[in-house]
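In the working numbering, the protein residues as written are 6 to 306. Where is the CB? At the ideal position from N, CA and C, for every residue including glycine. These numbers come from a predicted model, not from an experiment. Remarks on the structure that follows.
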(Lines of atoms letter the chains of each structure in order from A and count residues from 1; the text may use other names and numbers.)
(Lines give C-alpha, C1' and ligand atoms only; values in the text may rest on other atoms or scores of the structure.)
Protein backbone atom coordinates (compact mmCIF):
# COMPACT_ATOMS: atom_id res chain seq x y z
CA UNK A 1 0.00 0.00 0.00
CA UNK A 2 1.10 3.58 -0.61
CA UNK A 3 2.43 5.27 2.51
CA UNK A 4 0.67 8.55 1.71
CA UNK A 5 -1.93 10.04 -0.60
CA UNK A 6 -0.49 11.43 -3.82
CA UNK A 7 -1.54 15.01 -4.48
CA UNK A 8 -0.95 17.18 -7.54
CA UNK A 9 -1.83 20.58 -8.98
CA UNK A 10 -3.86 19.46 -11.98
CA UNK A 11 -3.50 21.15 -15.37
CA UNK A 12 -6.12 19.49 -17.65
CA UNK A 13 -5.42 21.56 -20.75
CA UNK A 14 -7.93 22.79 -23.32
CA UNK A 15 -8.84 19.84 -25.53
CA UNK A 16 -9.87 17.58 -22.65
CA UNK A 17 -12.20 20.26 -21.33
CA UNK A 18 -13.73 20.98 -24.72
CA UNK A 19 -13.64 18.84 -27.85
CA UNK A 20 -12.76 15.61 -26.00
CA UNK A 21 -14.52 15.93 -22.66
CA UNK A 22 -14.34 12.15 -22.21
CA UNK A 23 -10.61 12.48 -21.58
CA UNK A 24 -11.22 14.87 -18.69
CA UNK A 25 -13.89 12.65 -17.13
CA UNK A 26 -11.82 9.47 -17.50
CA UNK A 27 -8.83 11.09 -15.79
CA UNK A 28 -11.08 12.16 -12.92
CA UNK A 29 -12.57 8.65 -12.66
CA UNK A 30 -9.16 6.97 -12.70
CA UNK A 31 -7.47 9.19 -10.13
CA UNK A 32 -10.46 8.97 -7.79
CA UNK A 33 -10.40 5.17 -8.04
CA UNK A 34 -6.68 5.16 -7.22
CA UNK A 35 -7.05 7.63 -4.36
CA UNK A 36 -4.94 10.32 -6.07
CA UNK A 37 -5.95 13.87 -5.16
CA UNK A 38 -6.05 16.46 -7.95
CA UNK A 39 -6.31 20.16 -7.17
CA UNK A 40 -7.42 21.64 -10.48
CA UNK A 41 -5.72 24.86 -11.55
CA UNK A 42 -8.88 26.62 -12.70
CA UNK A 43 -7.07 29.92 -13.27
CA UNK A 44 -4.48 28.35 -15.57
CA UNK A 45 -4.16 29.49 -19.19
CA UNK A 46 -3.65 27.45 -22.36
CA UNK A 47 0.00 26.41 -22.67
CA UNK A 48 -0.06 27.48 -26.32
CA UNK A 49 0.72 23.97 -27.63
CA UNK A 50 4.01 25.24 -29.03
CA UNK A 51 2.49 28.08 -31.09
CA UNK A 52 3.20 31.02 -28.76
CA UNK A 53 6.94 30.82 -29.33
CA UNK A 54 6.42 31.22 -33.07
CA UNK A 55 5.53 34.83 -32.25
CA UNK A 56 7.48 35.31 -29.03
CA UNK A 57 9.54 33.04 -26.80
CA UNK A 58 8.98 35.52 -23.99
CA UNK A 59 5.22 35.12 -24.41
CA UNK A 60 5.41 31.32 -24.12
CA UNK A 61 7.71 31.54 -21.11
CA UNK A 62 5.61 34.13 -19.29
CA UNK A 63 2.26 32.43 -19.84
CA UNK A 64 3.62 29.12 -18.63
CA UNK A 65 5.67 30.63 -15.82
CA UNK A 66 2.30 31.80 -14.52
CA UNK A 67 0.86 28.30 -14.89
CA UNK A 68 3.78 26.84 -12.98
CA UNK A 69 3.55 29.57 -10.33
CA UNK A 70 -0.06 28.55 -9.66
CA UNK A 71 1.20 25.07 -8.74
CA UNK A 72 4.05 26.57 -6.71
CA UNK A 73 1.50 28.51 -4.65
CA UNK A 74 0.08 25.13 -3.60
CA UNK A 75 3.53 23.62 -3.03
CA UNK A 76 2.57 20.81 -5.37
CA UNK A 77 4.01 19.33 -8.57
CA UNK A 78 2.08 20.27 -11.70
CA UNK A 79 0.36 17.26 -13.27
CA UNK A 80 -1.07 17.08 -16.78
CA UNK A 81 -2.57 14.24 -18.80
CA UNK A 82 -1.60 15.92 -22.08
CA UNK A 83 1.71 15.11 -23.76
CA UNK A 84 1.70 18.45 -25.56
CA UNK A 85 1.11 20.39 -22.34
CA UNK A 86 3.81 18.31 -20.66
CA UNK A 87 6.25 19.08 -23.44
CA UNK A 88 5.56 22.81 -23.53
CA UNK A 89 5.24 23.53 -19.79
CA UNK A 90 7.99 21.07 -18.88
CA UNK A 91 10.34 22.70 -21.40
CA UNK A 92 9.56 26.17 -20.06
CA UNK A 93 10.16 25.00 -16.49
CA UNK A 94 13.47 23.43 -17.48
CA UNK A 95 14.53 26.56 -19.39
CA UNK A 96 13.59 28.99 -16.62
CA UNK A 97 15.33 26.91 -13.94
CA UNK A 98 18.50 27.14 -16.05
CA UNK A 99 18.01 30.90 -16.47
CA UNK A 100 17.93 31.36 -12.69
CA UNK A 101 21.68 30.64 -12.86
CA UNK A 102 22.66 31.63 -16.39
CA UNK A 103 20.38 34.62 -17.09
CA UNK A 104 18.76 36.03 -13.92
CA UNK A 105 17.85 39.22 -15.80
CA UNK A 106 15.51 37.17 -18.00
CA UNK A 107 13.79 35.72 -14.91
CA UNK A 108 13.35 39.27 -13.62
CA UNK A 109 11.79 40.25 -16.95
CA UNK A 110 9.33 37.33 -16.83
CA UNK A 111 8.44 37.98 -13.21
CA UNK A 112 8.12 41.70 -13.89
CA UNK A 113 5.42 40.93 -16.47
CA UNK A 114 3.69 38.58 -14.02
CA UNK A 115 3.82 41.19 -11.27
CA UNK A 116 2.35 43.79 -13.61
CA UNK A 117 -0.72 41.55 -13.98
CA UNK A 118 -0.96 40.77 -10.27
CA UNK A 119 0.34 37.22 -10.63
CA UNK A 120 2.65 35.31 -8.33
CA UNK A 121 6.30 35.17 -9.43
CA UNK A 122 7.94 32.07 -10.87
CA UNK A 123 10.24 30.50 -8.28
CA UNK A 124 11.43 27.30 -9.97
CA UNK A 125 10.40 25.27 -6.94
CA UNK A 126 8.28 22.53 -8.50
CA UNK A 127 8.26 19.92 -11.25
CA UNK A 128 5.99 19.22 -14.21
CA UNK A 129 4.92 15.60 -14.64
CA UNK A 130 2.68 13.74 -17.05
CA UNK A 131 0.04 11.42 -15.60
CA UNK A 132 1.74 8.41 -17.23
CA UNK A 133 4.95 8.94 -15.29
CA UNK A 134 3.14 9.87 -12.10
CA UNK A 135 1.43 6.48 -12.28
CA UNK A 136 4.60 4.58 -13.17
CA UNK A 137 7.10 6.28 -10.85
CA UNK A 138 5.03 7.75 -8.00
CA UNK A 139 2.12 5.31 -7.72
CA UNK A 140 3.88 2.22 -9.07
CA UNK A 141 2.87 -0.49 -11.52
CA UNK A 142 2.67 -3.11 -8.77
CA UNK A 143 0.11 -1.03 -6.86
CA UNK A 144 -1.95 -0.55 -10.01
CA UNK A 145 -1.87 -4.28 -10.72
CA UNK A 146 -3.19 -4.93 -7.20
CA UNK A 147 -6.25 -2.79 -7.99
CA UNK A 148 -7.09 -4.50 -11.29
CA UNK A 149 -10.51 -6.18 -11.13
CA UNK A 150 -10.93 -6.91 -14.84
CA UNK A 151 -7.71 -7.96 -16.57
CA UNK A 152 -7.56 -6.79 -20.17
CA UNK A 153 -6.41 -10.21 -21.32
CA UNK A 154 -6.11 -10.63 -25.07
CA UNK A 155 -6.42 -6.92 -25.90
CA UNK A 156 -3.58 -5.87 -28.20
CA UNK A 157 -2.67 -2.24 -27.55
CA UNK A 158 -0.46 -0.05 -29.69
CA UNK A 159 1.00 2.84 -27.71
CA UNK A 160 1.19 6.20 -29.43
CA UNK A 161 3.51 8.38 -27.35
CA UNK A 162 3.73 11.20 -29.84
CA UNK A 163 6.70 13.56 -29.88
CA UNK A 164 6.20 16.20 -27.16
CA UNK A 165 6.12 13.78 -24.23
CA UNK A 166 9.46 12.20 -24.97
CA UNK A 167 11.71 14.79 -26.56
CA UNK A 168 10.56 18.35 -25.79
CA UNK A 169 12.86 18.57 -22.77
CA UNK A 170 16.63 18.09 -22.65
CA UNK A 171 16.27 15.57 -19.87
CA UNK A 172 13.85 12.64 -19.86
CA UNK A 173 14.51 10.92 -16.51
CA UNK A 174 11.61 8.48 -16.72
CA UNK A 175 12.04 6.76 -20.08
CA UNK A 176 14.19 6.32 -23.16
CA UNK A 177 13.07 9.12 -25.53
CA UNK A 178 13.51 6.93 -28.60
CA UNK A 179 12.80 3.47 -27.19
CA UNK A 180 10.26 4.09 -24.39
CA UNK A 181 8.62 1.31 -22.43
CA UNK A 182 6.43 3.08 -19.84
CA UNK A 183 3.14 2.61 -21.71
CA UNK A 184 3.95 -0.94 -22.72
CA UNK A 185 4.77 -1.77 -19.11
CA UNK A 186 1.45 -0.21 -18.09
CA UNK A 187 -0.35 -2.40 -20.64
CA UNK A 188 1.25 -5.48 -19.12
CA UNK A 189 0.32 -4.32 -15.62
CA UNK A 190 -3.39 -4.33 -16.55
CA UNK A 191 -3.20 -7.59 -18.51
CA UNK A 192 -3.11 -6.23 -22.06
CA UNK A 193 -0.59 -7.13 -24.76
CA UNK A 194 1.65 -4.36 -26.10
CA UNK A 195 2.11 -4.04 -29.86
CA UNK A 196 5.31 -2.52 -31.16
CA UNK A 197 5.26 -0.66 -34.46
CA UNK A 198 7.31 1.95 -36.28
CA UNK A 199 5.23 5.07 -35.60
CA UNK A 200 4.69 4.82 -31.86
CA UNK A 201 7.17 7.61 -30.98
CA UNK A 202 6.58 9.83 -34.02
CA UNK A 203 4.41 12.90 -34.55
CA UNK A 204 0.68 12.31 -35.11
CA UNK A 205 0.55 15.17 -37.59
CA UNK A 206 -1.51 17.53 -35.45
CA UNK A 207 0.96 20.46 -35.63
CA UNK A 208 0.57 20.45 -39.43
CA UNK A 209 -3.22 20.23 -39.44
CA UNK A 210 -3.99 23.95 -39.68
CA UNK A 211 -1.79 24.71 -42.70
CA UNK A 212 -0.90 21.36 -44.32
CA UNK A 213 -4.01 19.30 -43.70
CA UNK A 214 -3.42 16.66 -46.36
CA UNK A 215 0.12 15.98 -45.12
CA UNK A 216 -1.17 15.86 -41.53
CA UNK A 217 -3.81 13.28 -42.42
CA UNK A 218 -1.35 11.21 -44.44
CA UNK A 219 0.95 11.13 -41.43
CA UNK A 220 -1.86 10.04 -39.11
CA UNK A 221 -3.05 7.47 -41.65
CA UNK A 222 0.44 5.98 -41.96
CA UNK A 223 0.63 5.43 -38.20
CA UNK A 224 -2.86 3.94 -37.97
CA UNK A 225 -2.17 1.62 -40.90
CA UNK A 226 1.11 0.57 -39.31
CA UNK A 227 -0.61 -0.25 -36.02
CA UNK A 228 -3.32 -2.23 -37.83
CA UNK A 229 -0.76 -4.20 -39.84
CA UNK A 230 1.09 -5.00 -36.62
CA UNK A 231 -2.08 -6.57 -35.20
CA UNK A 232 -3.36 -3.86 -32.84
CA UNK A 233 -6.96 -3.89 -31.56
CA UNK A 234 -6.60 -0.23 -30.58
CA UNK A 235 -4.21 2.67 -30.28
CA UNK A 236 -3.70 4.12 -26.80
CA UNK A 237 -2.37 7.66 -26.48
CA UNK A 238 -1.44 9.88 -23.52
CA UNK A 239 -2.15 13.05 -25.53
CA UNK A 240 -5.54 14.69 -26.25
CA UNK A 241 -4.17 16.36 -29.39
CA UNK A 242 -2.97 13.01 -30.74
CA UNK A 243 -6.40 11.67 -29.79
CA UNK A 244 -8.03 14.39 -31.89
CA UNK A 245 -5.96 13.66 -34.97
CA UNK A 246 -6.10 9.86 -34.69
CA UNK A 247 -9.72 9.41 -33.54
CA UNK A 248 -11.80 12.49 -34.25
CA UNK A 249 -10.31 13.00 -37.70
CA UNK A 250 -9.95 9.36 -38.68
CA UNK A 251 -12.90 9.52 -41.12
CA UNK A 252 -11.21 12.45 -42.88
CA UNK A 253 -7.90 10.58 -42.81
CA UNK A 254 -9.58 7.63 -44.52
CA UNK A 255 -10.73 9.88 -47.37
CA UNK A 256 -7.25 11.29 -47.89
CA UNK A 257 -5.49 7.92 -47.95
CA UNK A 258 -8.45 6.23 -49.68
CA UNK A 259 -8.52 3.33 -47.27
CA UNK A 260 -10.88 2.18 -44.53
CA UNK A 261 -9.24 2.10 -41.11
CA UNK A 262 -11.72 1.92 -38.22
CA UNK A 263 -9.11 1.50 -35.49
CA UNK A 264 -10.36 2.60 -32.04
CA UNK A 265 -8.22 5.14 -30.19
CA UNK A 266 -8.29 5.20 -26.37
CA UNK A 267 -6.85 7.78 -24.02
CA UNK A 268 -4.50 6.14 -21.50
CA UNK A 269 -6.71 6.80 -18.42
CA UNK A 270 -9.64 5.11 -20.19
CA UNK A 271 -7.67 1.90 -20.69
CA UNK A 272 -6.39 1.72 -17.11
CA UNK A 273 -9.79 2.61 -15.67
CA UNK A 274 -11.46 -0.22 -17.61
CA UNK A 275 -9.11 -2.63 -15.84
CA UNK A 276 -10.14 -1.14 -12.50
CA UNK A 277 -13.77 -2.00 -13.21
CA UNK A 278 -15.02 1.47 -14.12
CA UNK A 279 -17.86 1.36 -16.64
CA UNK A 280 -17.32 2.34 -20.30
CA UNK A 281 -20.17 4.87 -19.98
CA UNK A 282 -18.47 6.62 -17.07
CA UNK A 283 -15.29 6.84 -19.15
CA UNK A 284 -17.05 8.38 -22.13
CA UNK A 285 -16.19 5.53 -24.46
CA UNK A 286 -19.47 6.12 -26.28
CA UNK A 287 -18.33 9.61 -27.28
CA UNK A 288 -15.50 8.59 -29.62
CA UNK A 289 -15.74 9.17 -33.37
CA UNK A 290 -14.32 5.72 -34.12
CA UNK A 291 -16.48 3.22 -32.27
CA UNK A 292 -14.86 1.53 -29.27
CA UNK A 293 -17.37 -1.31 -29.48
CA UNK A 294 -14.84 -3.84 -30.89
CA UNK A 295 -12.57 -3.21 -27.90
CA UNK A 296 -15.38 -3.58 -25.39
CA UNK A 297 -16.70 -6.73 -27.07
CA UNK A 298 -13.24 -8.29 -26.97
CA UNK A 299 -13.11 -7.57 -23.23
CA UNK A 300 -16.52 -9.12 -22.66
CA UNK A 301 -18.55 -5.96 -22.00
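Give me whichever residues DSSP pairs with residue i in a beta bridge.
{"i": "residue 240", "result": "163, 270"}
{"i": "residue 43", "result": "13"}
Are the CB atoms of residue i and residue j nearer to each other than 8 Å?
{"i": "residue 46", "j": "residue 70", "result": "no"}
{"i": "residue 273", "j": "residue 295", "result": "no"}
{"i": "residue 157", "j": "residue 32", "result": "no"}
{"i": "residue 83", "j": "residue 133", "result": "yes"}
{"i": "residue 290", "j": "residue 152", "result": "no"}
{"i": "residue 88", "j": "residue 169", "result": "yes"}
{"i": "residue 85", "j": "residue 73", "result": "no"}
{"i": "residue 163", "j": "residue 50", "result": "no"}
{"i": "residue 38", "j": "residue 278", "result": "yes"}
{"i": "residue 182", "j": "residue 171", "result": "yes"}
{"i": "residue 28", "j": "residue 269", "result": "no"}
{"i": "residue 195", "j": "residue 226", "result": "no"}
{"i": "residue 140", "j": "residue 191", "result": "yes"}
{"i": "residue 165", "j": "residue 209", "result": "yes"}
According to DSSP, is residue i helix, strand or coil?
{"i": "residue 212", "result": "helix"}
{"i": "residue 84", "result": "strand"}
{"i": "residue 135", "result": "strand"}
{"i": "residue 56", "result": "coil"}
{"i": "residue 185", "result": "coil"}
{"i": "residue 302", "result": "helix"}
{"i": "residue 176", "result": "coil"}
{"i": "residue 148", "result": "helix"}
{"i": "residue 282", "result": "coil"}
{"i": "residue 252", "result": "helix"}
{"i": "residue 125", "result": "coil"}
{"i": "residue 155", "result": "coil"}
{"i": "residue 130", "result": "coil"}
{"i": "residue 207", "result": "coil"}
Determine the extent of the alpha helix (DSSP H) in which residue i is found, giving its start and end residues.
{"i": "residue 89", "result": "88-107"}
{"i": "residue 67", "result": "62-78"}
{"i": "residue 260", "result": "255-262"}
{"i": "residue 248", "result": "245-248"}
Looking at the secondary structure, which residues open and close the beta strand (DSSP E) in which residue i lies?
{"i": "residue 229", "result": "Taken as a continuous stretch (DSSP letters only), residue 229 belongs to no beta strand (DSSP E), being part of the alpha helix (DSSP H) at 218-234."}
{"i": "residue 199", "result": "198-200"}
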